[in-house]
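What follows is a short report on a single structure.
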Amino acid sequence: IYGLAQLNLKYFTNIRRLILIQASDELVEQLQVIRLKSLEHLTIILDNRQEEDRLAYFWNRIFIYDYPALVSCCLYKIILKWTNLQWRIMPSLSILKIGDIDLLIYESILSSCPNLYFFKFTRLTSKYQSKTIRQHLNLKKLVIVMPRFEDLSHDCHSYKYFSYVPKLEQLIVHRTNESKSISEVYFKFDWYVTSINQYLPSLSRFVYYFHILKSDRLVNSTTQNRFEQIQENFNLTHRLYQRRLILDFIG
37 IYGLAQLNLK YFTNIRRLIL IQASDELVEQ LQVIRLKSLE HLTIILDNRQ
87 EEDRLAYFWN RIFIYDYPAL VSCCLYKIIL KWTNLQWRIM PSLSILKIGD
137 IDLLIYESIL SSCPNLYFFK FTRLTSKYQS KTIRQHLNLK KLVIVMPRFE
187 DLSHDCHSYK YFSYVPKLEQ LIVHRTNESK SISEVYFKFD WYVTSINQYL
237 PSLSRFVYYF HILKSDRLVN STTQNRFEQI QENFNLTHRL YQRRLILDFI
287 G
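Per my numbering: the sequence shown = residues 37 to 287.
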């Protein structure tokens, strides 16, 4: 359903797939009151909504088992900042793509979704320290998006996310920075190799998308040499599995 199209979901409670793109407030609000017990695949893309409107309460509808048949859930750009004590186990959910979460929410989702196979999210910085790590043994593919223009120094805690998923086979990371921010600190960055060796023994593929915002400095030969050195260091660091560093110049 695209745009402001009107639909009364109470007449379609047996639908198995629902895709909402830039839907009206009225249509989205129906999801918070109507139980779609047969729904298997849900995608919501709401770029048209206000920044502060993140459908936070809708998450509770999912994790208190109002969608018992849900297999895949894609809620792009929707932030989840808190959990609810009423969350229950979601054994059917295997694919989850969401917006911003921190380590506490990450831990809660893994605990609630024991059969989760694919997980994509934007990683927020967090001071949360787990007392007991309950490992998730079924997650095979993890896609982590770093906040845009985040300083590399904030990436020192990503290993915590790896420690929960020892059976992970594919790791994909997205980072976006301005070219002027590419300094020598990247030459000392180990590209998670220490954490991978410690926590991800089953990893077979690692892809790092480095999205770089273009600027006049890109024509500088020194900057080009830096990119080449970063690429070389990455390839040398990760030799035990398939690896790829993709330098994506944007803007």
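Glycine is no exception: its CB is placed at the ideal position from the N, C-alpha and C atoms. For clarity, every value in this text was computed on a predicted model and none was experimentally measured.
Reduced DSSP category for residue i - H, G, I as helix; E, B as strand; rest coil
i	result
Glu65	helix
Gln260	helix
Asn206	First, the amino acid is wrong: residue 206 is Gln here, not Asn. Here Gln206 sits in strand by DSSP.
Asp191	helix
Asp226	coil
Arg53	strand
Tyr197	helix
Phe273	The residue you asked about is not Phe; residue 273 is Thr in the sequence shown. Residue state, collapsed to three classes: helix.
Asp284	strand
Arg97	helix
Glu88	With a pLDDT of only 44 at Glu88, under the threshold of 50, the placement of this residue in the model should not be trusted, and no figure is reported.
Ile248	strand
Asn213	strand
Leu45	helix
Ile232	helix
Ile180	strand
Asp83	coil
Ile266	helix
Glu220	coil
Alpha-carbon spacing of residue i relative to residue j, whole angstroms
i	j	result
Gln165	Ile232	20 angstroms
His77	His247	30 angstroms
Gln267	His210	15 angstroms
Leu272	Val229	11 angstroms
Phe285	Arg184	14 angstroms
Gln276	Phe263	This sequence places Leu at residue 276; Gln is not what is there. Computed Cα separation, rounded: 22 angstroms.
Ile131	Cys110	8 angstroms
Trp123	Lys250	44 angstroms
Asn151	Glu214	38 angstroms
Thr168	Tyr200	10 angstroms
Leu175	Leu106	17 angstroms
Tyr153	Gly287	33 angstroms
Val69	Leu160	30 angstroms
Met126	Ile134	16 angstroms
Asp61	Lys224	48 angstroms
Ile208	Lys156	9 angstroms
Gln42	Gln206	40 angstroms
Gln66	Ile115	19 angstroms
Ile98	Arg170	22 angstroms
Leu63	Leu188	40 angstroms
Glu220	Thr79	41 angstroms
Leu204	Asn261	33 angstroms
Glu143	Leu129	15 angstroms
Pro202	Lys46	42 angstroms
Glu186	Ile218	12 angstroms
Arg53	Leu75	6 angstroms
Val181	Ala59	25 angstroms
Ile51	Leu72	7 angstroms
Lys163	Leu283	30 angstroms
His190	His274	22 angstroms
Per DSSP, the bridge partner or partners of residue i
i	result
His77	Arg53, Ser108
Gln278	Arg241
Arg159	Ile137
Contact test: residue i Cβ vs the ligand NAD heavy atom, cutoff 8 angstroms
i	result
Tyr228	The ligand NAD is not part of the structure shown, which contains no ligands of any sort.
**Item:** Complete alpha helix (DSSP H) runs within the stretch 115 to 156 (minimum length 4 residues, chain order)
**Value:** 139 to 148
**Message:** Assess contact between the stretch 139 to 154 and the stretch 185 to 201, defined as three or more Cβ pairs (one per stretch) separated by less than 8 angstroms. Is contact present?
**Reply:** yes
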